[in-house]
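Residue numbers (the working numbering): 32 to 351.
All C-beta atoms in this analysis are idealised placements derived from N, C-alpha and C, irrespective of residue type, glycine included.
Owing to the predicted nature of the structure, the values given are computational and were not obtained by experimental measurement.
Notes follow once the structure below has been shown.
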Ligand code: FO1
């Protein structure tokens with residue numbers, strides 16, 4: 032653990048974001064890192080509230096994640112789902128036994144009247160996580176994709192349809208009426224905040240729902256500390272998931288320039304992968320650019336990228 036005592040806020044989605052969040056948690060002391068997580072992927076299923084991104088970050092930081100797929104729990108068993116199938120229930124969304132245990136606890140705490148933020152704090156504490164993992168909102172926000180012939184809920188598109196339908200648009204149902212969580216607002220307004228890191232999560236599915244919350248983009252634009260984004264694109268491809276496919280479907284080139292366009296006005300710096308070094312000087316005319324290895328396949332790389340992000344923020348900090 033370094034002696035860096037400044038405070039940082041990470042904005043994060045699922046698997047890719049969780050990797051950098053893990054790196055940051057290894058570098059920053061508890062109390063110096065707030066991880067705010069997308070809840071647009073959440074949905075009700077088999078009577079349970081599923082919060083895939085919160086759970087992915089939670090399992091990753093507690094060291095129990097199934098590391099090959101990046102979500103769910105390692106050493107999982109499937110007894111409940113087998114019985115659900117036998118009873119004619121839905122099994123397209125794979126919930127393992129250990130994972131279901133977390134969902135039962137979440138459901139029961141929510142039923143007792145706790146907010147999603149409070150429930151998440153309880154669960155993360157039980158799993159010995161010292162860093163703050165905070166849902167972007169305690170109110171329901173549901174990402175939906177506009178496809179040929181109508182609107183599809185996010186997990187239906189992502190898991191059931193394996194991201195195959197062409198996307199014509201994305202919306203975040205409920206976001207206008209939702210309240211930004213007090214933990215998120217508190218972190219943005221914290222006088223000791225030294226910088227914000229937008230993790231290399233899918234900008235459209237994972238980060239935009241956070242930015243669409245009332246007041247968030249405005250607050251980010253007026254922050255006096257650096258906001259840096261780590262691009263999820265490496266050499267014209269997405270590290271994982273449908274980011275590149277969605278960019279093409281939304282008529283965007285799959286380039287670092289397009290990522291810079293997307294975050295234009297919100298970020299002061301963009302971290303791009305070393306393979307895209309050649310684009311840095313042109314991009315540098317618009318915003319600060321830092322090149323680094325951004326692909327994280329092991330903990331050393333996650334910690335190294337976290338350190339690079341903090342160094343990048345430090346280099347942009349006018350007060351330092
Ligand atoms: N992703 C899949 O591709 N198939 C699944 O059956 C699946 C189940 C699942 C259960 C719990 C959980 O926390 C995540 C799960 N995911 C599954 C991943 C999830 O759909 C995505 O990672 C995110 O929503 C996108 O960030």
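Identify the residues that DSSP records as bridge partners of residue 173: which are they? 204
C-alpha distance - residue 48 paired with residue 321, whole-angstrom precision: 18 Å
Starting from residue 90, follow the alpha helix (DSSP H) in both directions and report where the run begins and ends. 83–93
Consider the C-beta atom of residue 128 and the heavy atoms of the ligand FO1; say whether any pair is separated by less than 6 Å. no
From the DSSP output, in three-state form, read off residue 217 for me. helix
Inter-residue CB distance, residue 354 and residue 50 (contact presumed, cutoff 8 Å): With the chain covering only 32 through 351, there is no way to say anything about residue 354.
Residue environment, residue 287, which counts as buried when at least 16 other CB atoms sit within 10 Å: buried
Reference residue 290; option with closest CA among 276, 313, 316 and 261: 261
Any beta strand (DSSP E) of 3 or more consecutive residues that is wholly inside the region 290–348: Entirely contained in the region 290–348, the beta strand (DSSP E) runs reaching 3 residues are, in chain order, 300–304 and 319–323.
Three-state class that DSSP yields for residue 277 in the structure shown: helix
Which of the three DSSP states is assigned to residue 75 in this structure? strand
Could you pull the DSSP bridge partners for residue 43 from this structure? 68
Can you determine whether any heavy atom of the ligand FO1 sits closer than 6 Å to the C-beta of residue 204, and answer yes or no? no
Residue 228: which of 206, 311 and 343 sits nearest, CA to CA? The option with the nearest alpha carbon to residue 228 is 343.
Rounded C-alpha distance that separates residue 71 from residue 299: 25 Å
Segment contact flag, the region 136–145 with the region 158–165, C-beta cutoff 8 Å, min 3 pairs: No, they do not touch.
Closer than 7 Å by C-beta to residue 331: which residues in its own chain qualify, once you throw out the five before and the five after it? Chain order, please. none
Assigned exposure category for residue 45 - 16 Cβ within 10 Å defines buried: Residue 45 comes out buried.
May I ask you to check if the CB of residue 99 is nearer than 6 Å to at least one heavy atom of the ligand FO1? no
Closer than 6 Å: residue 190 CB and nearest the ligand FO1 heavy atom: yes
DSSP state of residue 105 mapped onto helix, strand, coil: coil
Nearest by alpha-carbon distance to residue 110: which of 132, 92, 95 and 315 is it? 132
Between the region 308–318 and the region 262–277, can you find at least three pairs of beta-carbon atoms closer than 8 Å? With a cut-off of 8 Å, the region 308–318 and the region 262–277 do not count as touching, because too few Cβ pairs lie within range.
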